[in-house]
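First comes the structure, then the notes that go with it.
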Amino acid sequence: MITIYISVPNCPHPSSPGKKDDLEIEEIKDNKQESYLNGDEKMDDLTSGSDSDYAKYWIDWFLTTKGNEYFCEVDEEYILDRFNLTGLNSEVQHYVQALDLITDSLEEELDDEMREAVEKSARHLYGLIHARFIITSRGLAKMLEKYKKADFGRCPRVLCHNQPLLPVGLSDQPYTKSVKLYCPRCEDIYNPKSTRHASIDGAYYGSTFPHMLFQVYPHLLPPKSNERYIPRIFGFKIHDIAKQHRWQDQQREEQQRRITVVGEGNVNS
Numbered sequence: 265m266i267t268i269y270i271s272v273p274n275c276p277h278p279s280s281p282g283k284k285d286d287l288e289i290e291e292i293k294d295n296k297q298e299s300y301l302n303g304d305e306k307m308d309d310l311t312s313g314s315d316s317d318y319a320k321y322w323i324d325w326f327l328t329t330k331g332n333e334y335f336c337e338v339d340e341e342y343i344l345d346r347f348n349l350t351g352l353n354s355e356v357q358h359y360v361q362a363l364d365l366i367t368d369s370l371e372e373e374l375d376d377e378m379r380e381a382v383e384k385s386a387r388h389l390y391g392l393i394h395a396r397f398i399i400t401s402r403g404l405a406k407m408l409e410k411y412k413k414a415d416f417g418r419c420p421r422v423l424c425h426n427q428p429l430l431p432v433g434l435s436d437q438p439y440t441k442s443v444k445l446y447c448p449r450c451e452d453i454y455n456p457k458s459t460r461h462a463s464i465d466g467a468y469y470g471s472t473f474p475h476m477l478f479q480v481y482p483h484l485l486p487p488k489s490n491e492r493y494i495p496r497i498f499g500f501k502i503h504d505i506a507k508q509h510r511w512q513d514q515q516r517e518e519q520q521r522r523i524t525v526v527g528e529g530n531v532n533s
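Our numbering numbers the first residue of the sequence shown as 265 and each following residue consecutively.
Rendered as structure tokens:
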């Protein structure tokens, strides 16, 4: 009997290449997403995943940036509905590119200077969209959750007993007034503690939002504070007549100052 030996080369398991490719693809996806969030790669390189998977990337980055804690996430459907953005194209430079950047659909190659300008416009555009969104039922619900968690801070007035605050704009026009914080208990407004928050444009919240919130959720309106601080000297209240006398003295001094100024003017003439 003759025995014949046949040498068979080692072949990889049929499933091995597939598994390796899957691992490589997953690694590439992770690297791309990480690079995007770090601002190291252009958004048009994000070709993996569905539209709904990466449409929130810019918004997620914006919301997690320090100083943007007062903003809520605007629904993608709201942004994509052009009716909701009526008139904003005339208020925002590079409107088309800024909107594409917000929705992660920017495919245009931009140099560094232009990209910086588009980034600035995108932040401004998102703020203006945000002001419109937060007075819708969906937007009010999102801001209500932040209000319940006191994300906007608490009233510094002692007699308001840590009442949560709400952001409000003193004007609906951009570049007019920075955002303020409204206390529904004492009905007064305050400056944000953080300089990052104090620099936010008040138009990104508008003058309507906090009052609309309590119109929709009236049961959340806190009772008005009837407590008032009473000044005392050695335990005794300061009489109202004393206040009136001080006011009269101030008026008298002011009148004398005006007479002196007028007299000096006549002498010089």
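Here a beta-carbon is modelled for each residue, glycine too, at the ideal position from N, C-alpha and C.
This structure is a prediction, so every number in the text was calculated from the model and none was measured.
Taking C-alpha positions only, E377 is separated from H461 by approximately 26 Å.
In the DSSP annotation of this structure, the continuous segment of the beta strand (DSSP E) that includes P431 starts and ends at 430 to 432.
In this structure Y469 touches I398 by the C-beta definition: roughly 7 Å separates them, less than 8 Å. Here DSSP, grouped into helix, strand and coil, assigns D465 to strand.
Per the DSSP secondary-structure output, S442 pairs in a beta bridge with D465. Between G403 and D339, the alpha-carbon positions lie close to 8 Å from each other.
The Cβ atoms of L477 and Y454 do not sit closer than 9 Å to each other. Note that the region 417 to 427 does not touch the region 384 to 396; fewer than 3 beta-carbon pairs, one per stretch, sit closer than 8 Å. In the three-state reduction of the DSSP assignment, K507 falls in the helix class.
At the C-beta level, S435 and S471 come within 9 Å of one another. As computed with DSSP, R496 is found in a beta bridge with K501.
Taking the C-beta atoms as reference points, E337 is found nearer than 9 Å to K406. DSSP places Y359 in the uninterrupted alpha helix (DSSP H) bounded by 359 to 366. Boundaries around Y454 are those of the beta strand (DSSP E), 452 to 454, since no alpha helix (DSSP H) includes it. Between P474 and V432, the C-beta gap is smaller than 9 Å, which places the two residues in contact.
The residues H358, Q361, A362, L365, L374, in chain order, have a CB closer than 7 Å to that of V382 in the same chain once the five nearest residues on each side in sequence are set aside.
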